[in-house]
Every structure is written in structure tokens, then in C-alpha cells.
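Heads up, the thing below is written out as C-alpha cells.
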Amino acid sequence: MNIPDNKLQEFETTLKEIRDTVLSDFSLFADLAFRKATRLLAFGFGTVIAIFCSLGFFINNSSPGSPLPSVMIWVAVLVVACGACIKLITFSRIMRQKNKTIFNLMRVIYGKSPVSLLIAVIVAIAGSMTFLISRGDGVFAVSFSAIFIAFGVFALNTRIRLPEFMSLGWFLFAGGLLSLFIIEKSPWLWGGLLWAGAFFTLGFASFLQTGRK
Numbered sequence: 001m002n003i004p005d006n007k008l009q010e011f012e013t014t015l016k017e018i019r020d021t022v023l024s025d026f027s028l029f030a031d032l033a034f035r036k037a038t039r040l041l042a043f044g045f046g047t048v049i050a051i052f053c054s055l056g057f058f059i060n061n062s063s064p065g066s067p068l069p070s071v072m073i074w075v076a077v078l079v080v081a082c083g084a085c086i087k088l089i090t091f092s093r094i095m096r097q098k099n100k101t102i103f104n105l106m107r108v109i110y111g112k113s114p115v116s117l118l119i120a121v122i123v124a125i126a127g128s129m130t131f132l133i134s135r136g137d138g139v140f141a142v143s144f145s146a147i148f149i150a151f152g153v154f155a156l157n158t159r160i161r162l163p164e165f166m167s168l169g170w171f172l173f174a175g176g177l178l179s180l181f182i183i184e185k186s187p188w189l190w191g192g193l194l195w196a197g198a199f200f201t202l203g204f205a206s207f208l209q210t211g212r213k
């Protein structure tokens, strides 16, 4: 079967356009502005978590019967929501500078391949946390959520392909498994070390990778 030269050239051009588009999309994550924002957010979130958990640790030790640590858990939910908004606003501004929107970024990140795994991770986290809290073992939800999120990070890294996110995934996975055996002794201390350490790991890994460029 003979294929005309013009058809081969059209096919080659189409493949090149697809390749350039894919490379352009994924280059967003290696962009210095993106990495700098990720690094600053990681250090910021890590610091807030460290301070927050330190307060919870000292309050819990100084006043064992105080209801304040329980109230702080709900404050933590609010802090997480605020952090998510800050992250969304920050990356939206970066995308606007590139004449794109946050939806372009979300489409590149999630695409189609890891969606089912990410949905499974979210359902697993919600289900396990509800189960553990209903049994009075809510402290273990901190460890299990880290383990489940680690798998989500691994799935995303198949698209993002940045070493710092792989470092984050392995820290959450190893830290989550280890904390299962010790977190019950001091939830505020070990929970703070786990989650603040995860963000600091992301920040330092991003700093090291950027420094090598």
C-alpha cells in the first residue's frame, strides 16, 4: 500500500503539534514561577502546621482535661480551607501570566488516567476517617490519610514528573506507616512532625532541584 508523500507529511506535522502541546503543558510544572510558588506555599503551610501542632501539644500537656485541643481541631479544618483558597489564588495568578486559566492547569494535572485512583483515594480517606472517629480512634486517621494521600501523589507524579513531588509521596508513605505505631502516644507531636515534615520535604526538595538547574 503506497501512501502519498503529502499524507505522510500531514501525519508527521500532526504528531509534532501533539508532542509540542504536551511538552508545553507539562513544562508548566518545571517553570521557575510554578516551582517558586510551590516552594513558598510548602514552607508556609509547614510553618503554620508546626506552630499549630506545637500549641496543641503544650495545651494538651499543661491542661489535660481542657476542651481547647478539641476546638483547635475544628480550627484546623478552617485553616486547611483557607490554605486551599490561597493555593488556588496563587496558581490562578501564575496561569493568568501565561494567558491560561486554572482550569488548564487542572486538566494537565488530572487528565483522565489518574482520575479513578484519585477518586479512590478521596473515598478511602473519607471512609477510613469516619470509621476511625466513630470508634474513638480518630488519631489514626492522621496516619492513614498520609498513606492514602501518598498514593494520590504517586498517581499525580505520573503526569507532573517532578522529583520533589516524588519525595513528598515517599515521605508521606513512610511517615504515615511509622506514625501508626507511635502517634497514639502523642497525637499533636507526631501529627505535627508528619504533616509539617511533609511540606518541608516538598519545599527543600524543590529548592534543591531548582538549584541544580
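For the sequence shown, the numbering used here begins at 1 and goes up steadily by one. Here a beta-carbon is modelled for each residue, glycine too, at the ideal position from N, C-alpha and C.
Quick check on residue i: does DSSP put it in helix, strand or coil?
| i | result |
| --- | --- |
| Leu180 | coil |
| Lys36 | helix |
| Lys185 | coil |
| Pro64 | coil |
| Val139 | coil |
| Arg159 | helix |
Going by the beta-carbon positions, is the gap between residue i and residue j smaller than 8 Å?
| i | j | result |
| --- | --- | --- |
| Gly176 | Ala146 | yes |
| Ala50 | Gly203 | no |
| Thr201 | Leu168 | yes |
| Arg39 | Phe199 | no |
| Ile133 | Phe148 | no |
| Val79 | Val48 | yes |
| Ser128 | Phe154 | no |
Buried or exposed: which applies to residue i, given that a residue is buried once 16 or more other Cβ atoms fall within 10 Å of its Cβ?
| i | result |
| --- | --- |
| Glu164 | buried |
| Phe52 | buried |
| Gly152 | buried |
| Val142 | buried |
| Gly46 | buried |
Distance, Cα to Cα, residue i vs residue j?
| i | j | result |
| --- | --- | --- |
| Phe173 | Trp190 | 14 Å |
| Ala205 | Glu184 | 29 Å |
| Met72 | Leu55 | 9 Å |
| Leu156 | Ala150 | 10 Å |
| Leu162 | Gln209 | 9 Å |
| Leu194 | Ala76 | 15 Å |
| Arg96 | Phe181 | 45 Å |
| Arg135 | Ile160 | 37 Å |
| Cys85 | Pro64 | 33 Å |
| Leu32 | Trp170 | 23 Å |
| Asp294 | Ala120 | The structure shown does not extend to residue 294, since the chain spans only 1 to 213, so no value can be given for it. |
| Trp74 | Met166 | 30 Å |
| Lys87 | Pro67 | 31 Å |
If you compare alpha carbons, which of the options is closest to residue i?
| i | options | result |
| --- | --- | --- |
| Asn60 | Gly203, Thr47, Gln209, Trp188 | Trp188 |
| Leu178 | Leu162, Val153, Phe140, Phe154 | Phe140 |
| Phe58 | Ser186, Ala155, Gln209 | Ser186 |
| Cys82 | Leu41, Ile119, Gln97, Ala120 | Leu41 |
| Ser92 | Ala37, Phe181, Phe171, Phe154 | Ala37 |
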